[in-house]
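Numbering (the working numbering), first residue to last: 1 to 415.
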């Protein structure tokens, strides 16, 4: 029997409790109007996202993600904005940054992943100018941001940036310590300014990302290699294809392996002292649990919510509970993984619109829990030693100087 109220259900876990936050009682329509409104930036508690074609062109399930961000975060004073490049839109990026700061390729780029790379350019610049958090729209936020932000905002705490360290099949990627899917940072952070400069330089005179992994600014880094596939039935990913998809990872990796005395930049020191790194498993726990098979995830979420009524229910309950317990944000992505099919692709299909929140299902419970439950755990960032293993050498050169055989280089000091 499907329970009449999720409030009656007590998950068999001490790691999830009912929230004590004030409820956001606005209707979904009222929250959407808020999201679509123009609000000047007055502080750093901002959550930024971007969809180039605008809110109305987003997939329904991604719009629900944003609505639930607002429900979870509004009582803590967070402002959520989804920017675009729609002419005359009150959320056009030009309202929040000077377009002269964007590289020419922002409007000229093409190719399959052009929208993603356009958002890559915007995310770092917005955080540099205004501060706060960035999230891709495919993320379901399952815990608050205040514990992370309290470290970034505390003048006595050295933390300036928070992000996820890329990890594949349990292995971190060398020379790429920081991903870009979900980021937190303080306004005016030097690293963000330099990251934007390096990334824009790598896009100079190009309109797509094919071969960008071989840009001279990245040539000294270890070649990006995909580890063994993370589950049965997963099509092996071409390392070069993935490397061309994530040029912003390479740009960050360059900076963490760089000293530029002329501007006072010490990349290894910044990584050690000022970056709060979490494992990327905190975003992809749902993938780890299911061999990255979206059809398995879809089956779990689509089951009627009837915990304790059979083996299928037990499997769905364990899956949903574990994801809620062990994630910061649940990123449903498509990216470059061809097989097995990803859940985002399944939910994108017209016949599945609404199934991410179908009444009386585990999907609806997951949506509800993402707003109304709190984790009791504390986050465990990577240690200094773990971060040191992600970037083993440091070169002394200018930020945009091509590094060659004559460039001074030494091992990174033990952190």
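Every residue gets a Cβ at the ideal spot worked out from N, C-alpha and C, and that includes glycine.
Please read these numbers as outputs of a predicted model, since none were measured by experiment.
Let me check understanding here. Comparing Cα to Cα, which of 342, 327, 225 and 304 lies closest to residue 316?
In the chain shown, residue 316 corresponds to position 316, counting from 1. For the options 342, 327, 225 and 304, the alpha carbon positioned closest to that of residue 316 is the one of 304.
CB-CB under 6 Å to residue 78, same chain, minus the five flanking residues each way: which ones, in chain order?
The residue you call residue 78 lines up with position 78 of the chain shown. Only 45 and 47 meet the Cβ criterion.
Can you give me the C-alpha to C-alpha distance between residue 297 and residue 332, rounded to a whole angstrom?
Numbered from 1 along the chain shown, position 297 holds the residue referred to as residue 297. Numbered from 1 along the chain shown, position 332 holds the residue referred to as residue 332. If I take the Cα positions, the gap works out to 10 Å.
If the criterion is Cβ atoms closer than 8 Å, does the pair residue 222 and residue 402 meet it?
Position 222 of the chain shown holds residue 222. Position 402 of the chain shown holds residue 402. Contact flag unset, no.
Please list the segments of the alpha helix (DSSP H) lying wholly inside the region 326-397, counting only runs of 4 or more residues, in order along the chain.
343-348, 362-372 and 384-388
Do you know how far the Cα of residue 172 is from the Cα of residue 398?
The residue labelled residue 398 in the question sits at position 398 within the chain shown. The residue labelled residue 172 in the question sits at position 172 within the chain shown. When rounded, the distance between both Cα atoms is 27 Å.
Give the straight-line distance between the Cα atoms of residue 364 and residue 66, rounded to the nearest whole angstrom.
What you label residue 364 is simply residue 364 of the chain shown in a count that begins at 1. What you label residue 66 is simply residue 66 of the chain shown in a count that begins at 1. Answer to the nearest angstrom: the Cα atoms are 15 Å apart.
Just confirm the distance between the C-beta atoms of residue 253 and residue 175, as a whole number of angstroms; I'd bet it's less than 8 Å.
Taking the first residue of the chain shown as 1, we reach residue 253 at position 253. Taking the first residue of the chain shown as 1, we reach residue 175 at position 175. That belief holds up - the Cβ atoms of residue 253 and residue 175 are roughly 4 Å apart, short of 8 Å.
List the endpoints of the continuous alpha helix (DSSP H) containing residue 122.
The count along the chain shown starts at 1 and reaches residue 122 at position 122. Unbroken alpha helix (DSSP H) run through residue 122: 114-130.
Given 8 Å, three or more beta-carbon pairs between the region 136-149 and the region 196-213:
Not touching, per the Cβ criterion.
Residue 310 to residue 196 span [Cα, whole Å]:
The residue given as residue 310 occupies position 310 in the chain shown. The residue given as residue 196 occupies position 196 in the chain shown. Between residue 310 and residue 196, the C-alpha separation is close to 52 Å.
According to DSSP, simplified to helix, strand and coil, what is residue 104?
Taking the chain shown and counting its residues from 1, one reaches residue 104 at position 104. Coil at residue 104, not helix or strand.
The beta strand (DSSP E) with residue 46 in it runs from where to where?
Within the chain shown, residue 46 is the residue found at index 46, counting from 1. It spans 46-50 - the beta strand (DSSP E) in which residue 46 sits, taken as one unbroken run.
For the candidate residues 188, 162 and 190, whose alpha-carbon lies nearest to that of residue 180?
The residue labelled residue 180 in the question sits at position 180 within the chain shown. The shortest C-alpha separation from residue 180 is found at 162.
Considering only DSSP beta bridges, list what residue 442 is partnered with.
The requested residue 442 does not occur in the structure, where the chain is confined to residues 1 to 415.
Give me the residue from 7, 237 and 15 with the minimum Cα distance to residue 323.
For this step, residue 323 is matched to residue 323 along the chain shown. Among 7, 237 and 15, the Cα nearest to that of residue 323 is on 15.
Contact belief for residue 125 with residue 97 at Cβ below 8 Å, rounded distance in angstroms
On the chain shown, position 125 is the one that residue 125 refers to. On the chain shown, position 97 is the one that residue 97 refers to. Right, the Cβ-Cβ distance comes to about 6 Å (below 8 Å), so this counts as a contact.
Taking the CB atoms as reference points, tell me whether residue 203 and residue 103 lie closer together than 8 Å.
Locating residue 203 in the chain shown gives position 203, where the first residue counts as 1. Locating residue 103 in the chain shown gives position 103, where the first residue counts as 1. Cβ atoms of residue 203 and residue 103: closer than 8 Å.
Can you name the residues that DSSP bridges to residue 304?
As a working note, residue 304 is residue 304 in the chain shown. Residue 304 pairs with 361.
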